[in-house]
Amino acid sequence: YNVPSKGQVSLDLRTVVKEVATPDQIRFVVHNQPTWLGYDAGNFRVAGSPPAGTSGAFRFGVEVFQGTTSDFSFFEYTVFSAPKWTKSVIDLGSQWEGRPFTVDLKTLVENRDTRALSFSATGLPRWMSITADGLLSGLPARTDVGPYIGIVLRVDGPFSTYSTAGASGLVQ
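Residue 5 is where the sequence shown starts when you use the numbering used here, and the numbers rise one by one after that.
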């Protein structure tokens with residue numbers, strides 16, 4: 005199972021049993037679950053939310069008792085952290101009229117899970133563009149001289165994780 009950091013995990017253990025038994029005929033014992041994952045025996049449910057910044061694989065065991073038989077299974081949750089901008093507002097600095105401008109946005113993002121990222125932006129000046137792999141570039145003209153503000157950069161990570169940052173700069 006995959007879950008984003010700060011996402012919600014919830015699993016009814018009765019759904020993983022081969023034959024559904026009545027509640028008084030079944031018992032579960034959960035072994036070595038991560039501290040953020042609890043077990044509610046009354047509802048046969050493991051649930052929890054990995055804290056922000058949590059990432060990696062978390063494996064735990066579940067022992068099932070039905071009448072006189074028992075079985076043991078392992079479950080694994082892989083937790084992914086959202087990519088994070090190094091600053092909430094990115095200063096793109098000065099660009100010069102008539103000179104090509106390029107910034108690799110990947111260098112401004114913390115990517116703990118080292119998974120593929122996808123970049124996008126809104127509010128870009130007409131002379132600037134962004135590629136999905138994080139290359140921000142353009143060629144400002146004389147009519148573009150002056151400050152530009154209001155850019156919103158977005159980086160998307162695995163399993164619907166994302167982060168946004170504002171950006172601005174100056175064409176000289």
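The beta carbon of each residue, even a glycine, is placed where N, CA and C say it ideally should be.
Residue i versus residue j: straight-line alpha-carbon distance, rounded
i: PRO38; j: PHE84; result: 15 Å
i: THR72; j: ILE30; result: 10 Å
i: PHE64; j: ALA169; result: 37 Å
i: PHE69; j: PRO162; result: 36 Å
i: THR118; j: THR82; result: 14 Å
i: ILE94; j: ALA171; result: 5 Å
i: THR19; j: ASP137; result: 40 Å
i: LEU96; j: THR165; result: 24 Å
i: SER124; j: TRP131; result: 15 Å
i: LEU167; j: PHE48; result: What sits at residue 167 in the sequence shown is Ser, not Leu. Roughly 35 Å between the two C-alpha positions.
i: PRO129; j: THR135; result: 15 Å
i: VAL149; j: GLY42; result: 57 Å
i: SER59; j: PHE78; result: 19 Å
i: VAL34; j: GLY46; result: 13 Å
i: ARG158; j: ASP75; result: 46 Å
Counterpart residues of residue i in DSSP-defined beta bridges
i: VAL175; result: GLN99 and GLY150
i: THR168; result: ARG158
i: VAL125; result: Inspection of the sequence shows that residue 125 is occupied by Ala rather than by Val. According to DSSP, ALA125 bridges with LEU157.
i: ASP108; result: LEU139
i: ALA51; result: SER14 and GLY42
i: PRO6; result: The sequence given here places Asn at residue 6; Pro does not occur at that position. In the DSSP output, where bridge partners are listed per residue, ASN6 has THR82.
i: GLY57; result: Note: GLY57 sits in no beta bridge, so no partner.
i: PHE62; result: TYR81
i: TRP89; result: VAL113
Any non-hydrogen atom of the ligand FMN closer than 7 Å to residue i Cβ
i: GLY42; result: Although the ligand FMN was asked about, the structure shown includes no ligands whatsoever.
Supposed contact pair residue j and residue i - C-beta distance, whole angstroms, cut 8 Å
i: ALA61; j: SER14; result: That pair is no contact at about 19 Å.
i: GLU67; j: PHE32; result: 7 Å
i: GLN99; j: GLY173; result: 6 Å
Beta carbon of residue i nearer than 8 Å to that of residue j
i: ASP160; j: LEU109; result: no
i: THR126; j: VAL156; result: yes
### Query
Any chance the segment 6–21 sits against the segment 48–63, with 3 or more Cβ pairs inside 8 Å?
Yes: at least three Cβ pairs fall under 8 Å.
### Message
Quick check: the segment 111–118 against the segment 76–95, are at least 3 beta-carbon pairs closer than 8 Å?
### Response
yes
#### Entry: contact_flag[the segment 134–143, the segment 98–107] where n(CB pairs < 8 Å) is 3 or more
yes
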